[in-house]
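Q:
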Amino acid sequence: MRPFRILIFFAAVGLLLLVIALALPGEGIRITDHLRIRFFSVTDLFRSDDGFMRSGVEELLSASSVTEDPETDPVFDPLVTPGMFTTPDSVKATAADPPPADKIRARPSQADGAPVTSSAAGATPKEESDVKHVRPVNADSLVHAVYMLQFADGKEDVLVPFYRKLDGLRKGTVRRTRILHYGDSQIENDRMTALIRFRLQQHFGGSGTGLVPAVPIYDRHLAYRQEQTGEWQRHTFFGKRDPSVSHSCYGAMAAFASVPGEEEMPSLYFTFNTGRRTGQCDRVRVFFHTEADNASLVFRVNDTIFETFTKLPAGYHAAELNMGTTMKEVGLWTGFPEGGRIYGISFETDSGLQVDNIAMRGSSGLVFSKMDHDQLKAMMEDLSPGLLILQFGGNVVPFITDVDYYRRAFRRELRFIGGLCPDVPVIVIGPSDMSFKENGQLTTYPAVEPVRDALRSAALQSGYAFWDLYEAMGGFNSMPSFVQADPPLAKTDYIHFTPLGANLVAEMFYNALMLDYNQYFNDH
Amino acid sequence: MTQILPDIFLFNPDKPLLFTQLYFWIFYFVVLLIYSIIYKERALRNAFLFAASLFFYWKTSGLFFLILVFSTVSDFYLGNLIHYSRKQGWKKFGVIMSVVVNLFMLSYFKYTYLFVNTVNNLFNLDLQIVNHLALWSNTLTGTRFDTSVILLPVGISFYTFQTISYTVDIYRGKVDPVKHILDFGFYVSFFPQLVAGPIVRAAQFIPQLYKRYHLTREEFGYALFMILKGLFKKIFIGDYIAVNFIDRVFADPMGFSGFENLMALYGYSLQVYVDFSGYTDIAIGVALLLGFRLPKNFNAPYKATNVGNFWKRWHISLSSWLRDYLYIPLGGNRKGRVMTDVNLMITMLLGGLWHGASWHFVVWGGINGLGIVVYKLWQKISPYEHSTHWAATLWKIFLTFNFITFTRIWFRSESMEKANQLIHQVTHSFHAEIIPQVLWSYRLVFAVMALGYFIHWVPERWKLALLNWYIRIPIWAKALIAVVMVFIIYQSWSADLQPFIYFQF
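Chains as they are written, first to last, in this note's numbering: chain A, 68 to 591; chain B, 66 to 570.
Shown next as C-alpha cells:
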C-alpha cells in the first residue's frame, strides 16, 4: 500500500464528508422531539472564534487571590479600615470604561417599569458601553474587579439602614445583626455565602456558621460534626413537597426537620471545629414548633445540662443558650410529647454579624408568600435580619416562556417580604450565565438576559438593589470560560460554579457591597 | 477566511493539534501529501517527518519546541559520548548526565510547584516561584514572558523518558547510537506518540529509521481500524460521559449522593481507559500509515485477574520502562523478598508521581504498589489461584477491577480533600432510595457507560473477527464505514448537554 493511495483514501473520505455537510441542512434533521441528526456545516471548518471570553476570565483571576476556602485565602482586602477606599471618581478606570460610578447608579429605562419581554431569538452580546463596571488599575486603592450595585433613581440610599447597623457593630452601639442569603442550588453548600460571611465578620465581628437545618443536607460540614438519635426527617417547601404535610409552616429556611414524639428524647449533638471561624460560636438558638403542651428542650454542654426549657405550650418558640465563651460542643435534647418541627438552628455569637446560607434547590424564589405568614413573620422577627439577599433566576432560564409573569410574580414576593420585614433592605442577585449547545456550539440560553432584566426590574421597582452576576462574570457566553479555566471555575453542566468559581464571583459581590458601604461612610 | 493562514501557522494555545480536532487531520493530510512524494528517499523522509513533528509540537506547545530541540541535541551527543568513549568513566558520566539533564527538565517544568508548595506548608514559608527560563529569555532577548508562572510543556513526561531509554540502552550495549542527528530528532519527536505515548524504546524504533517504507494491505486496514476505534472510544464514549456526568461529580462530590459518586468512579475507570487507549490507538494507526510500528500500549486491562497482571496490560510502555530503568537498577527481585517489595513500592510511588505533580497521585501509586505486594502474599495461600474454572476467573477479574477502580479515587480527585469527600459520601450519604431516579435521569450517560464496558469485556475473538472483517472488505467499503463512523461520533460530540438533575436527598 503506497502513501499516495492512502492520501487518495483520505481525500475520498473528506470529500464524502464535505458532500454530506453541504447536503444536510445546517440545523440537522429532526427525528423526534428529543432526537436530532446533526452534521457539521462547511462554515464550522473555518470557525476561528469559539466565542469564549477566556481573556476576561484570566483578567478576573489575575485580579483575585481567592482559593476554595475563604478562611485560608491569602487575601488582600482593601477594607482594612473604612474610608480606605477613595471615592469612585478617583479610581483610575481603563480607557474603555464608562463614566465614574456616581453617575451610573440608576437604570431609568428598567426602573420605569416597562415590561421586559422575553426573547427566544437568541441573546446578542452586550455592547461595551452597556456594561456598567469599574475596573480599576490603581494598586493603591481597589485592585479587585468590581461590578457595581444598581439602584432605582432616588433609591440609592436603600441599603443605608444596613450600613448604619454595620457602623453600629463597629462602634459597639449595635449588638448584632444578620444577613439572610437566600438562593437556589447555585449557593448550596455555603457557596458564595462563605466568602461574604468571612470577609464581613473580619471587619464587623461575629463568628459561627449562622442558621443551619437540623437535618443536614450535607453530612459533612466544615464547621462542625453532627450526630443524632431518633428518627428525624427533612421536609422542604421547595422541590418535591411531602403530601402528608398538611400545613405550610416551614420557617425562614423554607424547610423543617420533623421531630418524633418518642419517649427517648431525640437528640442532636454538635462538635465544633473551633479552628475555623465558622466553628466558633458562643450562642446557640433553636427555632421550633411543638404540637402539644408540656414540651421541653434541653441544652447540654460537655455532658452538663446548661439550659432547660420545660412546660412549653404548643406552638412556635425560639430558645437560646448563651455560653459567653466559645463552645467546643453542644447537645440538644427534645421532649415533644406529640412531635414537632425544628425550623432551624443558629450557631452564632452574642455580638457581631451573622450571615446565613439558605439554599433552596430547584427554587425560582417564589416561595415566601406561599408559606404560612404568621409563622414566617414570627421567626423573621426573632432573627431580626439587617439585610436580605435573594439570588434566583437560574431555575427558570431553561424553561420559561413568559418572563413578564416571572417579573410580576417576583415583584409580589418582594412586596410580601417587605411586609414581613419592614425597613429591611433587599439585594437581588440575578442568574449567572448559563450555556446550552446549539448546533454543537455552546452559547448562552436565550432567556438569561430577559430573566436577569425581569429580576432587576422587580428589584428596582420595589425600591431595592440589584447585583448583576451575569454581567459581572463577563456577560454573554462567559460561562464556557469558567468551565474551561484551570482549575475549573464552573462545572461541566455549564450552570453551577465550582467552590473556587463561587468564591471568585462572591468576592466581586463583596467588593461591590463594600464600595457602596464606603461611599455611605464617606458621605456621612 | 482571512483568519485561516494565521490559524494554520501561528501557535494558538486554545487550538492545539489534538487527534480529536479537525485541524490535526488537515495537518495529517498535508503530511501525507508531501510524504507520498518523498517517502522513497530515506534520509529525506526522516528529515521531513522530524520537521513535521517539530511543527506539530510548535502548534501544540508553542516555543516549548525549543526544549524538545535541546533534549534532542543533548542526548544525541551524550549518546555518541557514551558509545564512542573508551573509558568507562566517560561512559558513566555520559549516561548520568543524560539522566540528570532529562530529569532536571522534567522536575523543573512539572514538579516545581509541588516542591515549593510542600516546602512552604511544611516549614511555614512563603517561597515564590520564579521562572528562570523566562527571566533569562526576557533579559537576554527582550521577550516579555511571565516569570511568575511555569507552564508544563506537552508530552515532556514522555519524551524525557524516551531519551533516557536511548542513552541507557546505548550504555547497556543494547543499541548503537543513531548516525544522524536528524534521524535521532525524528525518533524523539515523532508526532503520533509525542503527546501521550506510547513510550517507544530506541531498540524498537531506531532500526525502523533505516528501513524502507512498507505497508501491507492488511496493515492498512488495521491502521484505519485503530484510528476509527480510537476516535469512537475517545469522543463517543469518553468525552460524553466525562462532560455530562463524571467531571461534575468529581468537581463537587458533596453536591451528589454516594450512589452518584460511586457511579462517577466506575464511569471514570471507563473514561480514563477509553481516553488514553483511544488516543494511543489513533497514534498507532497514524504512525502505521506512515510505515512506522509503535508498540501496543493496552491489552484489555480490565480483564486482568490480579493487580500485577493489570500492570502488564495497562500503559504497557510505561510499566515496562519503569521495570527496566527503575525497578531492575534498584535491584529488582534479586535482593531478597523484603527488598523486592521495597523496590516495588519505590517504583510504584515514583510511577504515581510521574502521572501528575500532586501528592494524591503518589497515594494512588502507593496503593497500587500495596495491591501488588498483598497479591504476591495472597497468591501463595489462595485456594483458587491456579483454578481455570470460569467462576474463579470471573471472581478474580471482578476483584481486580474493583480494586483498580477504588484506587482511582486518588487518581482522579482534584485534591486529597475531595477524595475524602467522595469516600464520605459513598460511606455516609449513599441514598439508595434515589437510585431509580438517578439511573433514569442520566439514562443516556449510563447507556454509553454500559456500551463501553460491554465492548471492553466481550471475548477477544469477537473483536478480532470484526477487525478481520474490516481488513478484508474492499477499500470503498472501508471509506464508507469511515464516513459513517465520523457521522456517529459527531452526533455524540454535538449532543445537548445533560442538564443538571435535582435530586432531593
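All C-beta atoms, glycine included, are put in the ideal place defined by N, C-alpha and C. Computed from a predicted structure; not experimentally measured.
1. Roughly how many angstroms separate the alpha carbons of B/Leu280 and B/Asp346, rounded to a whole number?
2. How about A/Val593: is its C-beta nearer than 8 Å to some C-beta of chain B?
3. In the segment 315 to 329 of chain B, which residues sit with their C-beta less than 7 Å from some C-beta in chain A, listed in chain order?
4. Check the Cβ of A/Ala321 against every Cβ in chain C and list those closer than 8 Å, keeping chain order.
5. With DSSP collapsed to three states, give me the class of A/His52.
6. Given a threshold of 16 other Cβ atoms within 10 Å of its Cβ, counted over all protein chains shown, does A/Ala514 qualify as buried or as exposed?
7. What residues are listed by DSSP as bridge partners for A/Thr511?
8. Measuring only the C-alpha atoms, how far is B/Ile229 from B/Val164?
9. Do you know how far the Cα of A/Thr276 is from the Cα of B/Asn364?
10. Does the distance from the CB of A/Val422 to the CB of A/Ile246 come in under 8 Å?
11. Where do the ends of the alpha helix (DSSP H) carrying B/Asp346 lie?
12. Pick out whichever of B/Gly430, B/Ala422, B/Lys400 has its Cα sitting closest to the Cα of B/Phe410.
13. Need the endpoints of the alpha helix (DSSP H) that A/Gly541 sits in, please.
14. Evaluate the contact criterion for the segment 501 to 511 of chain A versus the segment 521 to 536 of chain A: three or more CB pairs, one atom per stretch, below 8 Å.
15. So what does A/Pro404 bridge to, in DSSP terms?
16. Can you tell me which residues form a DSSP beta bridge with A/Trp534?
17. Assuming B/Tyr440 and B/Thr412 are in contact, meaning their beta carbons sit under 8 Å apart, how far apart are those beta carbons, in whole angstroms?
18. Consult DSSP for A/Ala385 and reduce its assignment to one of helix, strand or coil.
19. For A/Asp220, count neighbouring Cβ atoms within 10 angstroms of its own Cβ and tell me buried if that reaches 16, exposed if not.
20. Counting Cβ pairs closer than 8 Å, one from the segment 349 to 364 of chain A and one from the segment 298 to 308 of chain A, do we hit at least three?
21. Sorted by chain position, which residues of the same chain lie with C-beta nearer than 7 Å to B/Ala484's C-beta, five sequence neighbours on each side aside?
22. Taking the continuous alpha helix (DSSP H) assigned at A/His248, which residues delimit it?
23. Return helix, strand or coil for A/His356, following the three-state DSSP convention.
24. If you pair each beta-carbon of the segment 241 to 257 of chain A with each one of the segment 422 to 433 of chain A, do three or more pairs fall below 8 Å?
25. Is B/Lys299 near B/Gly343, with beta carbons less than 8 Å apart?
26. Does the beta-carbon of B/Val427 have 16 or more other beta-carbons within 10 angstroms, so that it is buried, or is it exposed?
27. Is it buried or exposed, A/Met427, if we count other Cβ atoms within 10 angstroms and call 16 or more buried?
28. Name the residues in the segment 521 to 550 of chain B whose C-beta lies less than 9 Å from a C-beta of chain A; which are they?
29. Measure the C-alpha to C-alpha separation of B/Ser172 and B/Thr225 and round it to an integer number of angstroms.
30. From the DSSP output, which residues share a beta bridge with A/Ala557?
31. With a 10 Å radius around its C-beta and 16 neighbouring C-beta atoms as the bar for buried, classify B/Gly422 as buried or exposed.
32. Quick one: residues in its chain with C-beta nearer than 6 Å to the C-beta of B/Val491, no 5 flanking neighbours on either side, listed in chain order?
33. Can you tell me whether B/Leu109 is buried or exposed, with buried defined as 16 or more other CB within 10 angstroms of its CB?
34. Return the CA-CA distance between A/Met546 and B/Val407, expressed in angstroms with no decimal places.
35. Closer than 8 Å, CB to CB, is A/Ile467 near chain B or not?
36. Tell me whether B/Gln563 is buried or exposed, calling it buried when 16 or more other Cβ atoms sit within 10 Å of its Cβ.
A: The short version:
1. For B/Leu280 and B/Asp346, the gap between their C-alpha atoms comes out near 17 Å.
2. Lying outside 68 to 591, the shown extent of chain A, residue 593 of chain A is not represented and no answer is given.
3. Legend: CB atoms of the segment 315 to 329 of chain B lying less than 7 Å from CB atoms of chain A belong to residues Ala316, Asp317, Met319, Gly320.
4. Checking the listed chains, one finds no chain C in this structure; the protein chains it contains are A and B.
5. Since the first residue of chain A shown is 68 and the last is 591, residue 52 of chain A is not available in this structure.
6. So A/Ala514 counts as buried.
7. Within the DSSP bridge table, the entry for A/Thr511 names A/Ser502 as partners.
8. Using only the alpha carbons, I get a separation of about 6 Å.
9. Going by the C-alpha atoms only, they are around 52 Å apart.
10. Yes, these two residues count as a Cβ contact at 8 Å.
11. For B/Asp346, the enclosing alpha helix (DSSP H) stretches over residues 323 to 354.
12. In the sequence as displayed, the identity of residue 410 of chain B is Met instead of Phe. Shortest Cα-Cα distance from B/Met410 to any of B/Gly430, B/Ala422, B/Lys400 involves B/Gly430.
13. Per DSSP, A/Gly541 lies in no alpha helix (DSSP H) and is assigned neither H nor E.
14. No, the segment 501 to 511 of chain A is not in contact with the segment 521 to 536 of chain A.
15. Its beta-bridge partners are A/Gly406.
16. A/Trp534 pairs with A/Ile496.
17. Actually they do not touch by this definition, with Cβ atoms about 15 Å apart.
18. DSSP places A/Ala385 in the strand class (E or B) of the three-state scheme.
19. Exposed.
20. Cβ pair count under 8 Å is below three, so no.
21. Only His425, Ile474, Trp475, Ser478 meet the Cβ criterion.
22. No alpha helix (DSSP H) contains A/His248, which is instead part of the beta strand (DSSP E) from 243 to 250.
23. Looking at A/His356 - three-state DSSP - the assignment turns out to be strand.
24. The segment 241 to 257 of chain A, when compared against the segment 422 to 433 of chain A, does touch it at the 8 Å Cβ threshold.
25. Yes. Within cutoff.
26. B/Val427 comes out buried.
27. Within 10 angstroms of the beta-carbon of A/Met427 lie 16 or more other beta-carbons, which makes it buried.
28. Listed by position, the residues of the segment 521 to 550 of chain B near chain A (Cβ gap below 9 Å) are Ile540, Trp541, Lys543, Ala544, Leu545, Ala547, Val548.
29. One C-alpha to the other measures close to 11 Å.
30. A/Ala557 is bridged by DSSP to A/Phe564.
31. Reading off the sequence, residue 422 of chain B comes out as Ala, not Gly. Sixteen is the threshold: when 16 or more other Cβ atoms of the shown chains lie within 10 Å of the Cβ of B/Ala422, as they do, the residue is buried.
32. Gly323, Asn326, Leu327, listed in sequence order.
33. When all chains shown are included, B/Leu109 counts as exposed.
34. Annotation: A/Met546 to B/Val407 spans about 48 Å, alpha carbon to alpha carbon.
35. False, the Cβ-Cβ gap to chain B never drops below 8 Å.
36. By the neighbour-count criterion, in which 16 or more other beta carbons inside 10 Å mark a residue as buried, B/Gln563 falls on the buried side.
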